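> Below you will find the structure I want to go over with you.
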Amino acid sequence: MAHTPYSELARLCERLTELSGRKDKIAQIVRFLKDIDPSEAAPAALLLIGRVTPEGSEEKLEVSIAAAFELLEEAGQLTLLDSEPPTIIEVWNTLQEIARLRGSGSREKKLSLLRSLIHRMSDLERHWFLKQLVGEMQHGVNEGLLLEALSELTNTPLQIVQRAFMLLGKIGDLVSLAVTSGRKGIESVKLELFRPLRPMLAEVCHDVEEFLKEVGEPVALEYKFDGARVQIHIRGEVIRIFSRRLSEVTESLPDIVQQVKGFTSKISEAVLDGEVVAVADDGRPLPFQELLRRFRRIRDVEEESERIPLRLWIFDILYLDGRELLDEPYSRRRRILEELIPRDYLAPMIITEKAEDVQRFMEKAIAEGHEGLM
1 MAHTPYSELA RLCERLTELS GRKDKIAQIV RFLKDIDPSE AAPAALLLIG
51 RVTPEGSEEK LEVSIAAAFE LLEEAGQLTL LDSEPPTIIE VWNTLQEIAR
101 LRGSGSREKK LSLLRSLIHR MSDLERHWFL KQLVGEMQHG VNEGLLLEAL
151 SELTNTPLQI VQRAFMLLGK IGDLVSLAVT SGRKGIESVK LELFRPLRPM
201 LAEVCHDVEE FLKEVGEPVA LEYKFDGARV QIHIRGEVIR IFSRRLSEVT
251 ESLPDIVQQV KGFTSKISEA VLDGEVVAVA DDGRPLPFQE LLRRFRRIRD
301 VEEESERIPL RLWIFDILYL DGRELLDEPY SRRRRILEEL IPRDYLAPMI
351 ITEKAEDVQR FMEKAIAEGH EGLM
């Protein structure tokens, strides 16, 4: 099957802009995914939602918007070149090549590669290409709608699609799986060590009384730390750490690796969820900006780890010795943590249904330098 012209993706984006209903947008996306080659599905889906590099990648295009506008203006003054228009795959691969360029002369090479694409694009293609470069598509399609489209495409309940997305971590991988293996492929997704899961996120609550009334039963509360979310994958002596954005940060956090090694004697395999906090000499948390000096650092890591020590807090366990724990109740997962992890590493927690207990616990967390409660 011939590769799909990029113009087809641009036309899809244009149609989506003209539609207001979710069902109509989903129908357009499903039709598009059915028509393209499976090898194009992941790049097309990522470009559709305004991503120009793979999920979990720290690489960036590093091309200014001003430079992109300049190229577009330059191209608009030229007659469309009599050559093959770019395909979806070519656009994606060129963007990855641009993101990988480093060092002397890289800016000129990046612009040259962009120029080679833009000069072969129609006005409509250029319009949507710029939106992708900026990351502001404004056609109403995000990851959530894309998941609904995959549910429709594969005749799979949305809840199962969402779970597969959480376990795979990357929307591109899920789209590729959906178009190649359908519902059977989506239902077969399992938690896999060293493949980070998408983190479960919290919602903001400002009123304790209202919150307790809504829950209607005793609630578990933990400190909310001003740190960076980390997911720790363990298999024997092998420990790998991933960020909230699914990037691997193991090499930047040797002190955290050593802390984890200190309590893995009872663990063969596990996935832990936690938070890394920068701390002062007295153990109190430092501002988040100090943590950023350490996170993702690849040079002078040892020196920085002595200057800005990090503290690990563990608050959840998702997998243990071949068994997924995602569907276990929180109380069960917490008990497992308490059996495996030294108390000093566990996020402080209470279970209560009384507003005064919540208030006291919150005041304690804030007095110790933390943000509040979860």
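Here the sequence shown stands for residues 1 to 374, where the numbers follow my numbering.
Don't be surprised by glycine CBs; every beta carbon is placed ideally from N, CA and C.
For clarity, every value in this text was computed on a predicted model and none was experimentally measured.
Kindly identify the DSSP beta-bridge partner or partners of W92.
DSSP, once it has assigned bridges, lists no residue as partnering W92.
> Tell me whether the beta-carbon of V175 lies closer than 9 Å to the beta-carbon of A44.
Yes, these two residues count as a Cβ contact at 9 Å.
> Verify the contact flag: K60, CB atom, against every heavy atom of the ligand ATP, threshold strictly below 8 Å.
Although the ligand ATP was asked about, the structure shown includes no ligands whatsoever.
> Among P85, A228, L320, T180, whose alpha-carbon lies nearest the alpha-carbon of K34?
Nearest option by C-alpha distance: T180.
> Among E84, R115, S83, S104, which has the Cα closest to the Cα of T94?
The option with the nearest alpha carbon to T94 is R115.
> For I336 versus L320, is the C-beta spacing smaller than 9 Å?
Yes, these two residues count as a Cβ contact at 9 Å.
> For K224, which three-state DSSP category applies?
It is a strand residue.
> Across the stretch 97–112 and the stretch 164–178, are there enough close Cβ pairs to call them in contact, namely three or more that are closer than 8 Å?
These segments do not touch.
> Does the stretch 301–310 touch the stretch 325–335, meaning 3 or more C-beta pairs lie closer than 8 Å?
The answer is no - the stretch 301–310 does not touch the stretch 325–335, with fewer than three Cβ pairs under 8 Å.
> DSSP three-state call for G172: helix, strand or coil?
Helix.
> Report the residue from E371, E214, R15, I314 whose alpha carbon sits nearest the alpha carbon of F225.
Closest option to F225, Cα to Cα, is E371.
> In terms of alpha-carbon separation, which member of V189, D123, L310 lies closest to D281?
For D281, the nearest C-alpha among the options comes from L310.
> Note the first and the last residue of the continuous beta strand (DSSP E) segment covering D273.
Taken as a continuous stretch (DSSP letters only), the beta strand (DSSP E) holding D273 covers 269–278.
> Whole angstroms is fine: what's the gap from L255's alpha carbon to E338's?
The question names Leu, yet the displayed sequence has Asp at residue 255. In a straight line, the C-alpha of D255 is about 22 Å away from that of E338.
> Which term fits Q231, buried or exposed, when burial requires 16 or more other beta carbons within 10 angstroms of its beta carbon?
Flag for Q231 reads buried.
> Consult DSSP for L150 and reduce its assignment to one of helix, strand or coil.
Three-state DSSP puts L150 in a helix.
> Three or more C-beta pairs closer than 8 Å, one from the stretch 148–157 and one from the stretch 19–29: is that the case here?
Yes: at least three Cβ pairs fall under 8 Å.
> Per the DSSP calculation, F242 is bridged to which residue(s)?
Beta-bridge pairing links F242 to Q231, E248.
> Would you tell me roughly how many angstroms separate the C-alpha atoms of R126 and E97, rounded to the nearest one?
Distance between the alpha carbons of R126 and E97 is about 19 Å.
> Quick one: Cα of R107 to Cα of R293, how far?
The straight-line gap from Cα to Cα measures roughly 26 Å.
> Please state the DSSP three-state secondary structure of V219.
The answer is strand: DSSP assigns V219 an E or B state.
> Between P329, L286, R235, which has its C-alpha nearest T264's C-alpha?
Selected option, being the one with the closest Cα: R235.
> Would you say G227 and G135 are within 9 Å of each other, going by their C-beta atoms?
Taking 9 Å as the Cβ cut-off, G227 and G135 do not qualify as a contacting pair.
> Quick check on DSSP: helix, strand or coil for P54?
Coil at P54, not helix or strand.
> May I ask you to report which of helix, strand or coil DSSP gives R198?
Coil, per DSSP.
> Can you tell me whether V358 is buried or exposed? The criterion is at least 16 other CB atoms within 10 Å of its CB, across all chains shown.
Under this definition V358 is a buried residue.
> When the distance is taken between beta carbons, is L191 closer than 9 Å to L318?
In this structure, L191 lies closer than 9 Å to L318 by Cβ.
> Taking just the CA atoms, how far does Q162 sit from R360?
Approximately 37 Å between the Cα atoms of the pair.
> On the CB-based measure, 16 or more other CB atoms within 10 Å of its CB, does S112 come out buried or exposed?
With fewer than 16 Cβ atoms within 10 Å of its Cβ, S112 is classed as exposed.
> For Y223, which of E59, I314, L48 has the nearest alpha-carbon?
Y223 has its Cα closest to that of I314, out of E59, I314, L48.
> According to DSSP, is P285 part of a helix, a strand, or is it coil?
Note: P285 maps to strand in three-state DSSP.
> Would you mind working out which of L117, G144, L193 sits nearest K25, comparing C-alpha positions?
Comparing Cα-Cα distances from K25 to each of L117, G144, L193, the minimum goes to G144.
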